[in-house]
Amino acid sequence: HTRTAAQVFDLPEAFVTPQMRSRAKAVNFGIVYGISDFGLAKNIGTTRAQAAAYIDTYFTRFPGVKAYLDRSVEEGAARGYTETLFGRRRYLPELKSRSYNVREFGKRVAMNAPIQGTAADIIKLAMIRTEEQLAPYGNDAVLILQVHDELIVDCTATLKEEVAQKLDAAMESVVELSVPLIAEVGWGENWLDAK
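If you count the sequence shown from 1, position 47 lands on 100 in the working numbering, and the numbers rise without skipping.
Here is the structure:
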């Protein structure tokens, strides 16, 4: 998000403020949801004109993202569905609707489903890999929860570093992409402390 803020605000990363990073984060996530200038303005507390400028600057700096999103909508309309990297489909009858609002919703889904769906596929594969890695520990190290892109493991204090290494390796190696998957592992007495 800091890198995106530096690009959008045309500054070196060292000069990006927390507010700039927060706005860039909202733009990053909003873009893949097909957010409008109205929606972005509401989310970050700015004017529609300023939000539109953020979106325009983002697409100018990252034209490949715009091309990808447009292609996702076009392919979704032509095929009637989009796919994750693993071939899981999200059918899109909304793109053929006579209702403008329903079609616009379908466009947002067509943009988002391949990205969000692929992320969901990856975390599910990571859960399977983690379970396999933790099996030898029995009840001393157990996968207990998944929240978005996080896996929560309950383990004994004596195993925390060993289990953390296995969890990190399982998550980073679960799939090979053109960019590396980077996992961050933390631990604590509770989920908040582990962050």
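By construction, the Cβ of each residue, glycine as well, lies at the ideal position given by its N, Cα and C atoms.
Just so we're clear, the structure is a prediction, and the values are computed from it rather than from any experiment.
DSSP beta-bridge partners of residue i
| i | result |
| --- | --- |
| V195 | D207 |
| R142 | E136 |
Burial state of residue i, where buried means 16 or more other Cβ atoms lie within 10 Å
| i | result |
| --- | --- |
| N165 | buried |
| T100 | exposed |
| V85 | buried |
| A131 | exposed |
| A67 | exposed |
| S125 | buried |
| T135 | buried |
| A102 | exposed |
| Y153 | exposed |
| A194 | buried |
| A188 | exposed |
| K219 | buried |
| G87 | buried |
| D90 | buried |
| V155 | exposed |
| I197 | exposed |
| R76 | buried |
Assigned secondary structure, residue i (DSSP; H/G/I helix, E/B strand, else coil)
| i | result |
| --- | --- |
| E229 | coil |
| Y86 | coil |
| V162 | helix |
| V200 | strand |
| K149 | helix |
| P189 | helix |
| A236 | coil |
| L64 | coil |
| G241 | coil |
| K248 | coil |
Minimum Cβ-Cβ distance from residue i to chain C less than 8 Å
| i | result |
| --- | --- |
| A130 | In summary, chain C is missing from the structure at hand, where a single protein chain is found. |
task = Say whether the stretch 138-147 touches the stretch 94-107, bearing in mind that this needs 3 or more beta-carbon pairs closer than 8 Å, one atom from each stretch.
result = no
query = Would you call the stretch 219-227 and the stretch 176-188 in contact, with 3 or more CB pairs under 8 Å?
reply = yes
message = Would the stretch 106-118 count as touching the stretch 76-93 if we require 3 or more Cβ pairs under 8 Å?
response = yes
Within the stretch 68-139, ranges of the alpha helix (DSSP H) (whole runs, at least 4 residues) = 71-85, 90-97, 101-114, 116-132
request  = Would you check if there are 3 or more beta carbon pairs closer than 8 Å linking the stretch 201-220 to the stretch 229-246?
outcome  = yes
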